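These notes are about the structure you will find just below.
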Amino acid sequence: FEGRQTRPTSDRARAGLFDWLGPTVAGARVLDLFAGSGALGIEALSRGASDAVFVERARGALRVLGRNLNELGLGERARVVEADLSRGLRGLAAKLGRFDLVLADPPWDTGAAEQLLGDEALAGLLAAEAIVVIERSARSELESERPGLSLRGTKRYGETAFDWWESAVDPAARSEALA
11 FEGRQTRPTS DRARAGLFDW LGPTVAGARV LDLFAGSGAL GIEALSRGAS
61 DAVFVERARG ALRVLGRNLN ELGLGERARV VEADLSRGLR GLAAKLGRFD
111 LVLADPPWDT GAAEQLLGDE ALAGLLAAEA IVVIERSARS ELESERPGLS
161 LRGTKRYGET AFDWWESAVD PAARSEALA
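Just remember that my numbering sits 10 ahead of the position in the sequence shown, which is counted from 1.
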């Protein structure tokens with residue numbers, strides 16, 4: 011996209027991630043944050059996810075994402091939302107509901123991953139026993155202590171790392187986050 015740094019997930023890293031996630035993807039409701047071209051959410055749909063919501067702010071990426079979904083015939087199982095996630099997640103839960111699998115590929119080295127994991131409204135987007143996967147630079151680290159989330163593991167593929175977090179949010183906290 012002109013004027014924008016784009017760092018698509020490599021085929022190898024994407025395949026490794028979904029092999030790692032295994033059967034948890036089948037039937038899952040998926041939220042793809044910082045969706046870009048939609049590669050992660052589209053991969054989830056191809057592996058049996060029930061539906062996916064793609065959130066992106068860049069107009070060029072939104073055009074590519076829409077074209078990709080149409081060309082692959084995934085329009086009925088996909089929804090695209092234009093939103094600037096630098097302002098946080100508040101309000102998205104009320105509009106979108108809860109998800110079994112959240113995939114996030116925020117811009118690297120900007121603090122966006124830390125901001126996302128620290129956003130209290132994230133709890134309102136998570137179904138019981140939800141999985142949150144953050145894609146980041148393998149050269150960086152994220153704080154492993156997060157309220158409402160426990161780190162299950164990390165996988166590295168060259169310059170890319172994926173952190174797998176599991177929801178440990180109680181229903182009361184989730185209800186507050188939806189407000």
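Cβ coordinates follow ideal geometry from the N, Cα and C atoms, glycine included. Every value quoted in this text rests on a predicted model; they were computed, and no experiment measured them.
So, is leucine 102 buried or exposed, given that buried needs 16 or more other C-beta atoms within 10 angstroms?
Residue numbering aside, residue 102 sits at position 92 when the sequence shown is read from its first letter. By the neighbour-count rule (16 or more Cβ atoms within 10 Å), leucine 102 is buried.
Relative to the C-alpha of aspartate 129, which residue among Ile144, Phe109, Leu99, Leu41 is closest?
Residue 129 sits at position 119 when you count from the first residue of the sequence shown. Among Ile144, Phe109, Leu99, Leu41, the Cα nearest to that of aspartate 129 belongs to Leu99.
For the ligand ZN, is there a heavy atom less than 8 Å away from the beta-carbon of proline 157?
Of the ligands one can find in the structure shown there are none, so the ligand ZN has no counterpart to examine.
Could I get the ranges of all uninterrupted beta strand (DSSP E) runs contained in the stretch 140 to 184, with 3 residues as the minimum, in chain order?
159 to 167, 170 to 177
Anticipated Cβ contact below 8 Å, glycine 147 with glutamate 169, distance rounded:
In the sequence shown, counting from the first residue as 1, residue 147 sits at position 137. In the sequence shown, counting from the first residue as 1, residue 169 sits at position 159. The displayed chain sequence assigns serine, not glycine, to residue 147. At roughly 6 Å, the Cβ-Cβ gap stays under 8 Å, so serine 147 and glutamate 169 are in contact.
Three-state secondary structure (DSSP) at arginine 39?
As a first step, residue 39 must be located in the sequence shown, where it is residue number 29. Note: arginine 39 maps to strand in three-state DSSP.
Pair within 9 Å by beta-carbon distance, leucine 132 and valine 142:
Taking the first residue of the sequence shown as position 1, residue 132 is located at position 122. Taking the first residue of the sequence shown as position 1, residue 142 is located at position 132. Against a cut-off of 9 Å, the Cβ pair of valine 142 and leucine 132 comes out as a contact.
Use the C-beta contact count for tryptophan 175: other C-beta atoms within 10 angstroms, 16 or more gives buried, fewer gives exposed.
Residue mapping note: residue 175 aligns to position 165 of the sequence shown, counting from 1. Under this definition tryptophan 175 is a buried residue.
Here's the rule: buried if 16 or more other CB atoms are within 10 angstroms of the residue's CB, otherwise exposed. What is threonine 19?
As a first step, residue 19 must be located in the sequence shown, where it is residue number 9. By the neighbour-count rule (16 or more Cβ atoms within 10 Å), threonine 19 is buried.
Buried or exposed by the 16-neighbour rule on C-beta atoms within 10 Å, applied to serine 160
As a working mapping, residue 160 is identified with position 150 in the sequence shown. So serine 160 counts as exposed.
Between Leu106, Trp118, Leu152, Leu27, which has its C-alpha nearest leucine 135's C-alpha?
Counting from 1 along the sequence shown, the entry for residue 135 is found at position 125. Residue Leu106 is the option with its Cα nearest to leucine 135.
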